[in-house]
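For the record, in the sequence shown the residue sitting at position 6 is 6 according to UniProt numbering, with numbers rising by one throughout.
Ideal Cβ positions, reconstructed from N, Cα and C, are used throughout, including at glycine.
A short worksheet on the structure shown next.
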Amino acid sequence: MEIKYLQSGGLITNYYCTCSCRHCLYRCGPHWPKHYISATVASIAFETAIRLSCPSLHIGGGEPFLNFRALVDVLKVARSKGIQVEYIETNASWCIDEDRVKERLEKLLSLGVTTLLISISPFHLERVPLARTYTLLRACKNTGMGTFPWSQEFLNDFSRLDPRRCYTLEELEEIFGPGYIKSIPNRYWIHPGGRALELYFQEGFTLEQLLELFPYGCEELTNTSHFHMDLYGNYVPGLCSGLAIAVADLGHQLPQGKYPILNLLSKKGIKGLFEMACSMGFKAKRRSYGSKCLLCLEIRSFLVEKKGVFHELAPLEYYYQ
């Protein structure tokens, strides 16, 4: 397996977050270690992106604004390396004092940042009251910072709610009617990974059907149309959170000894991984799987807990959140 070039992606500055969104691909939340990407690791990531033909990246988390000084340092490194920052993702949880928010936005503008992707969804509303989202939107308008509300559609839903408080998914189901939670993936892109596998993608195929449907390698592992590199110097292949390739190994064939799981998935897919795991004592826990990703996560969790260290199963905290 080899990642030959990078198309479009981002840099994960931290995994700790004010939210524990029930759809979060990276299982971010307040219980993660309060680690933040260093200028050195960011520099290597930016240099790698340029080396592999990707001159621009977005910045995300976790919540990047939880360490604003470190975020500024990352942006300075990006500018020095010639990387264009497409946008910074934020959930607006930090937006309490509007004057303070505007100060931060003006600092970002001075560093060449022109757009914020503002996360707006039923999942974020469980931890972030709308008042903070509105504060950020006003501050952006008043400072000239561009916004990319993701997703604007939910703001229309939420206009009837009290902006001073949060709402659980169950409360939203009561307000908007039966099926509201189930309908969210039809309105808002949700990848089958992370916590989303606990809320969606639960039912659909028997184990036998799933293995028959996917007898080939996981081609998505080499897809770089929306990639991420993180604060630990890892590249996440194919949006498969909990799998990791050292950034230094990008652009080269991955050694079999260092990456046995990734090479197996690339060549033989979920069926190959399942057969390997069974030889090590794995037994499937479910009768039905809505996605091969659910089975893959179940197997990887087994390998992490029962069979020692596979360095490509990282960060380990992902498997315990």
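Range of the contiguous beta strand (DSSP E) that encloses Asn-234: Annotation: the continuous beta strand (DSSP E) that includes Asn-234 extends over 234-236.
Same chain, Cβ closer than 7 angstroms to His-124, neighbours up to 5 away in sequence not counted: Once the five neighbours on either side are set aside, the close Cβ partners of His-124 are Cys-19, Cys-21, Asn-91.
For Leu-11: DSSP bridge partner residues: According to DSSP, residue pairing for Leu-11 in a beta bridge involves Ile-59, Met-229.
Distance between Ile-120 and Leu-161 (C-alpha atoms, nearest Å): Rounded to the nearest angstrom, the two C-alpha atoms are 14 angstroms apart.
CB of Tyr-15 within 8 angstroms of CB of Tyr-26, strictly: Yes, they are a contact pair.
Three CB pairs or more closer than 8 angstroms across the stretch 245-263 and the stretch 183-201: No contact exists between the stretch 245-263 and the stretch 183-201.
CA nearest to the CA of Arg-165, picked from Val-128, Phe-154, Gly-144: Looking from the CA of Arg-165, the closest CA among Val-128, Phe-154, Gly-144 belongs to Val-128.
Beta-carbon gap between Ile-3 and Phe-46 smaller than 8 angstroms: Taking 8 angstroms as the Cβ cut-off, Ile-3 and Phe-46 do not qualify as a contacting pair.
Beta-carbon gap between Leu-172 and Pro-237 smaller than 8 angstroms: Between Leu-172 and Pro-237, the gap from beta carbon to beta carbon reaches 8 angstroms or more.
Residue from Thr-224, Asp-99, Asn-186 whose Cα sits closest to the Cα of Gly-9: Ranking Thr-224, Asp-99, Asn-186 by CA distance to the CA of Gly-9 puts Thr-224 first.
8 angstroms Cβ cutoff met for Leu-11 and Phe-227: No, these two residues do not count as a Cβ contact at 8 angstroms.
Presumed contact (8 angstroms Cβ cut-off) between Cys-95 and Arg-132, rounded CB distance: So it is a contact: roughly 4 angstroms between Cβ atoms.
Spatially closest choice to Glu-89 from Ser-110, Gly-204, Leu-116, Gly-257, by CA coordinates: Ranking the options by Cα distance to Glu-89, first place goes to Leu-116.
Cβ shell of Asn-234 (< 8 angstroms), same chain only, five flanking positions each side left out: Short of 8 angstroms from the beta carbon of Asn-234, and not among the five residues preceding or following it, lie these beta carbons of its own chain, in chain order: Ala-244, Ile-245, Ala-246, Val-247, Ala-314, Pro-315.
Three-state class that DSSP yields for Tyr-16 in the structure shown: Three-state result, Tyr-16: strand.
DSSP three-state assignment for Pro-215, whether helix, strand or coil: Under the three-state reduction of DSSP output, Pro-215 falls in the coil class, being neither helix nor strand.
Segments assigned beta strand (DSSP E), at least 3 residues, entirely inside the stretch 80-107: Complete beta strand (DSSP E) runs here, min 3: 84-90.
Alpha-carbon spacing of Ser-151 relative to Phe-158, whole angstroms: Between Ser-151 and Phe-158, the C-alpha separation is close to 11 angstroms.
CB-CB length for Arg-104 against Glu-153, believed under 8 angstroms: Contact doesn't hold; Cβ gap of about 27 angstroms is too wide.
Endpoints, beta strand (DSSP E) assigned at Phe-148: Its beta strand (DSSP E) spans residues 146-150.
Close beta carbons around Gln-256, own chain, < 7 angstroms, minus the five adjacent residues each side: Its chain contains Asn-263 as the residues whose beta carbon lies nearer than 7 angstroms to that of Gln-256, once the 5 sequence neighbours on both sides are disregarded; these appear in chain order.
Gly-112 versus Leu-221: straight-line alpha-carbon distance, rounded: Straight-line Cα distance between these residues: approximately 32 angstroms.
Beta-carbon spacing of Val-85, Ala-42 below 8 angstroms: 8 angstroms or more divides the Cβ of Val-85 from the Cβ of Ala-42.
Arg-300 beta carbon less than 8 angstroms from that of Gly-242: In this structure, Gly-242 places its C-beta atom within 8 angstroms of the C-beta atom of Arg-300.
Same chain, Cβ closer than 7 angstroms to Val-304, neighbours up to 5 away in sequence not counted: Result list for Val-304: Leu-313, Leu-316, Tyr-319, in chain order.
Met-145 burial status per 10 Å Cβ neighbour count (16 or more: buried): By the C-beta density criterion, Met-145 is buried, having at least 16 other C-beta atoms within 10 angstroms.
Where Glu-203 falls: helix, strand or coil (DSSP): Assignment of Glu-203 by DSSP, reduced to helix, strand and coil, places it in the coil class.
Assumed close pair Leu-210, Lys-107 - CB separation to whole angstroms, cut-off 8 angstroms: Not a contact, Cβ separation roughly 49 angstroms.
Where Leu-6 falls: helix, strand or coil (DSSP): Per DSSP, reduced to three states, the secondary structure at Leu-6 is coil, with no helix or strand assignment.
Inter-residue Cα distance where the pair is Ile-175 and Gly-204: Answer to the nearest angstrom: the Cα atoms are 28 angstroms apart.
Identity of the residues DSSP links to Gln-253 by a beta bridge: In DSSP, Gln-253 forms a bridge with Glu-2.
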